[in-house]
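The structure appears below as structure tokens.
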Amino acid sequence: MAAPMTVPVYHYFDLGRLGRGEVVKLFLMDAGIEIKEVRYPYDETWGENSKKLQQQGITRTRKLPVLEYQGLILSQHIPILRFFARDLGRYDGETNAEKFLVDAVSDIYIDWRFQWVANLTERSEKYKNEVAPEYYNLLDQYYRDQAGPYLLGNSVTYVDFAVYQSIDNDERTGTLPSSLPESLVKFREAFEQRPNIAAYLKATRLG
947 MAAPMTVPVY HYFDLGRLGR GEVVKLFLMD AGIEIKEVRY PYDETWGENS
997 KKLQQQGITR TRKLPVLEYQ GLILSQHIPI LRFFARDLGR YDGETNAEKF
1047 LVDAVSDIYI DWRFQWVANL TERSEKYKNE VAPEYYNLLD QYYRDQAGPY
1097 LLGNSVTYVD FAVYQSIDND ERTGTLPSSL PESLVKFREA FEQRPNIAAY
1147 LKATRLG
């Protein structure tokens, strides 16, 4: 008899729907993978908590998110998404050209996120008026190449979860451009209609 699968343990901050850890959660939820959540306050207690997690071997960098999965310690949210896309055999494109495109857009997202995080502590009009609009206009050049709604057309990939989170995070911090490119408007609408995502969004809005 096969051994029962252990539920992955997901370590992240208690930030609601903000942050990179939410990308991982949305992805696993969409894939139908149940997780056990361990949340940490992002306050003055984090310094001590991060040391304990490092001593326990849960995070080498003292950063989150981290996922304990089948004896592995998975860290860094984009590599976690890539791991599961490969493990599941989906969410990653079919051809080498498609995989390249997904990886390329994920790098664009990573560059955006670095600037978004910096803007949280040092609010600037430049981020809102220049950086964010340039990011979404660049994404538009990729998303409008396909009939949509996702980067690769009708097939959702791991980077779509990151792009959705960037839109949602900018909206929550008041830095989303007043109008998004039409390709991204269609993408967002389609993404929020995915069954598991829609159920989660409804629950969090009511909660």
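Under my numbering, the sequence shown is numbered contiguously, ending at residue 1153. Glycine included, C-beta positions come from ideal geometry on N, C-alpha and C.
Start-to-end residues for the alpha helix (DSSP H) that takes in residue i
i     : result
S1129 : E1128 to F1137
R1006 : It is not in any alpha helix (DSSP H) - R1006 carries neither H nor E in the DSSP assignment.
S1112 : Y1104 to R1118
Proximity to residue i [Cα-Cα], best of the options
i     : options                      : result
V984  : E1128, L999 and Y1073        : L999
N1042 : Y958, L1098, Y1081 and Q1016 : L1098
T1150 : E1080, P1079, E1040 and E968 : E968
G1017 : K1148, V970, G1003 and Y1081 : G1003
T991  : G978, R1006 and D960         : D960
H1023 : R1032, P1011 and F1030       : P1011
F1030 : I979, K1074, R1140 and D1057 : I979
Coil, strand or helix - residue i by DSSP
i     : result
S1101 : strand
S1125 : coil
Y1037 : coil
V1021 : This sequence places Ser at residue 1021; Val is not what is there. DSSP places S1021 in strand when its eight states are reduced to three.
V953  : coil
E1080 : helix
E1014 : strand
G1153 : Reliability of the predicted coordinates at G1153 is poor, the pLDDT of 39 falling under 50, and no value is obtained from them.
S1070 : coil
Beta-bridge partners of residue i, as assigned by DSSP
i     : result
R985  : Y958
Y1096 : G1099
Range of the contiguous beta strand (DSSP E) that encloses residue i
i     : result
E1044 : Element bounds for E1044: not the beta strand (DSSP E) but the alpha helix (DSSP H), N1042 to T1067.
Heavy atom of the ligand ATP within 7 Å of residue i beta-carbon
i     : result
D1106 : Annotation note on the ligand ATP: not contained in the displayed structure, which lists no ligands.
Short Cβ contact (8 Å threshold) for residue i with residue j
i     : j     : result
P954  : L1013 : yes
D1086 : P1127 : yes
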